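To convert, take the position in the sequence shown, counting from 1, and add 75; that gives this note's numbering. Note that the Cβ used here is the ideal one computed from N, Cα and C, for glycine as well. From a predicted model like this one, the values you see are computed outputs, not experimental measurements.
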Amino acid sequence: MDMLRILIVANYISSTGGISSQVELLCKCLNKEGVEADIYSTKGGMISRLGMFHNLYCEAKAYDIIHVHCCSYIGFFPAVLAITVAKRLGKRIVCTYHGGSAESFFRKFSWCVRYYLKQTHVNIVLSGFLAKIFDKYGLDSQIIPNILPPNESHYRERHEIQPNFISVRTLQPLYNIECIIKAFTIVKQSMPEAKLCILGDGPCRKNLEQLVLDLKLEDVYFEGRVPNSKVYDYLDQSDIFISMPKIDNQPMSILEASECGLLVISSNVGGVPYMLEDNVTGLLVESDNFRQLAEKMIWAIEHGDKSLEIIKTAKKSLSNYSWDNIKGQLYSCYGIN
76 MDMLRILIVA
86 NYISSTGGIS
96 SQVELLCKCL
106 NKEGVEADIY
116 STKGGMISRL
126 GMFHNLYCEA
136 KAYDIIHVHC
146 CSYIGFFPAV
156 LAITVAKRLG
166 KRIVCTYHGG
176 SAESFFRKFS
186 WCVRYYLKQT
196 HVNIVLSGFL
206 AKIFDKYGLD
216 SQIIPNILPP
226 NESHYRERHE
236 IQPNFISVRT
246 LQPLYNIECI
256 IKAFTIVKQS
266 MPEAKLCILG
276 DGPCRKNLEQ
286 LVLDLKLEDV
296 YFEGRVPNSK
306 VYDYLDQSDI
316 FISMPKIDNQ
326 PMSILEASEC
336 GLLVISSNVG
346 GVPYMLEDNV
356 TGLLVESDNF
366 RQLAEKMIWA
376 IEHGDKSLEI
386 IKTAKKSLSN
396 YSWDNIKGQL
406 YSCYGIN
């Protein structure tokens with residue numbers, strides 16, 4: 076293809092997870108394809124963000140396409156900024172919306188959301204979950220999932236499933252780690268050898284540690300926040316990945332756990348059921364139902380052969396998130412044949 080210049084606009088912070096990791100990965104993939112892609116970060120305070128309208132206007136002149144990544148509430152600022160500038164410059168504007176809390180955000184600020192997202196050339200969403208919300212508010216969208224980089228070096232084939240559980244989420248109310256701890260209390264009663272590793276940090280950590288003490292639970296390990304490269308070491312030592320968010324869209328942690336050969340058990344919320352098929356590529360439970368979660372955790376160990384079958388099926392399904400599978404759809408959004 077002819078040399079194309081794409082400016083990716085996002086609230087980007089180098090070497091972190093979430094949207095930043097996807098933006099960084101997209102930029103690298105495009106560069107390898109011969110596309111000149113760069114990142115413009117909207118990270119900053121209120122005053123500095125006001126100055127970004129002028130700064131982005133000057134920088135974006137040299138690019139053909141502006142691709143903005145945004146989410147809900149304050150995370151919608153990159154869209155406001157990029158769409159405003161792109162329209163002034165007459166540039167093609169593509170928006171990828173990541174927000175798991177889109178329903179509440181769109182309901183409260185539908186006038187703002189519609190005003191800006193109706194000005195884009197294409198709106199990309201990660202799953203049918205968000206596509207339905209966009210449709211509800213009269214917004215067109217195209218489903219293109221997150222990119223999962225191939226990483227076979229982290230895969231470990233398991234021949235049996237041990238009660239070694241792991242959670243890799245920020246310790247805040249949204250991710251409901253308390254539910255996992257309560258479920259683990261029940262699991263411990265029938266499987267005294269069970270272990271729970273909790274990766275991540277956040278405002279709920281002290282309360283969660285106190286809960287473990289109050290329940291007199293053993294073998295619960297709070298490892299805090301660890302570098303992304305070290306997370307795989309902890310995943311390798313575990314067999315079952317637990318995720319119980321109250322709201323979520325397309326958590327990469329679930330895909331990464333499947334890629335490493337772990338069985339995934341998750342709450343059936345947001346975009347998760349578009350990622351996992353219950354009893355086929357993972358196990359789904361009701362949100363905030365620690366008793367049902369405990370039942371699934373115990374079932375996974377007692378039905379090890381079925382768990383291993385689910386793990387293998389989940390691993391095969393990850394091709395849906397490969398760059399080779401996604402790039403054609405993305406180029407179409409960019410207007411590239």
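Continuous alpha helix (DSSP H) stretch holding residue i: start and end
i, result
"residue 113", "From DSSP, residue 113 is part of no alpha helix (DSSP H) but of the beta strand (DSSP E) over 111-116."
"residue 359", "Element bounds for residue 359: not the alpha helix (DSSP H) but the beta strand (DSSP E), 358-360."
"residue 132", "121-135"
"residue 156", "152-164"
"residue 105", "93-107"
"residue 208", "203-211"
"residue 145", "Counting along the chain, residue 145 falls outside any alpha helix (DSSP H), though it belongs to the beta strand (DSSP E) covering 140-145."
"residue 310", "303-311"
Buried versus exposed, by CB contacts within 10 Å (16 or more), residue i
i, result
"residue 331", "buried"
"residue 215", "exposed"
"residue 76", "Low confidence applies to residue 76: its pLDDT is 49, below 50, so where it sits in the model is not reliable, and the reading given next is rough at best. Result: exposed."
"residue 334", "buried"
"residue 122", "exposed"
"residue 312", "exposed"
"residue 204", "buried"
"residue 173", "buried"
"residue 391", "exposed"
"residue 355", "exposed"
Unbroken beta strand (DSSP E) run spanning residue i, endpoints
i, result
"residue 198", "197-200"
"residue 299", "295-299"
"residue 82", "80-85"
Nearest residue (CA-CA) to residue i, options the options
i, options, result
"residue 238", "145, 95 and 258", "258"
"residue 262", "367, 405, 97 and 135", "367"
"residue 310", "329, 376, 346 and 319", "329"
"residue 111", "139, 128 and 268", "139"
"residue 196", "393, 143 and 360", "143"
"residue 336", "350, 126, 232 and 373", "232"
"residue 133", "93, 156 and 318", "156"
"residue 401", "146, 221 and 412", "221"
Legend entry - 3-residue-minimum beta strand (DSSP E) runs that sit fully inside the segment 316-384, ordered along the chain: The segment 316-384 contains these whole beta strand (DSSP E) runs: 338-342 and 358-360.
Legend entry - Sufficient close CB pairs (3 or more, under 8 Å) joining the segment 157-174 to the segment 102-111: Taking 8 Å as the limit for Cβ pairs, the verdict is that the segment 102-111 does not touch the segment 157-174.
Legend entry - Every unbroken alpha helix (DSSP H) inside the segment 217-273 [4 residues or more]: For the segment 217-273, whole alpha helix (DSSP H) runs of length 4 or above, ordered along the chain, are 252-265.
Inset, instruction - Count the C-beta pairs between the segment 280-288 and the segment 196-214 that are closer than 8 Å, then say yes if the count reaches three, no if not. - result: No, they do not touch.
Legend entry - Contact between the segment 270-281 and the segment 381-388 (3+ Cβ pairs under 8 Å): The count of Cβ pairs closer than 8 Å, one atom from the segment 270-281 and one from the segment 381-388, stays below three, leaving the stretches out of contact.
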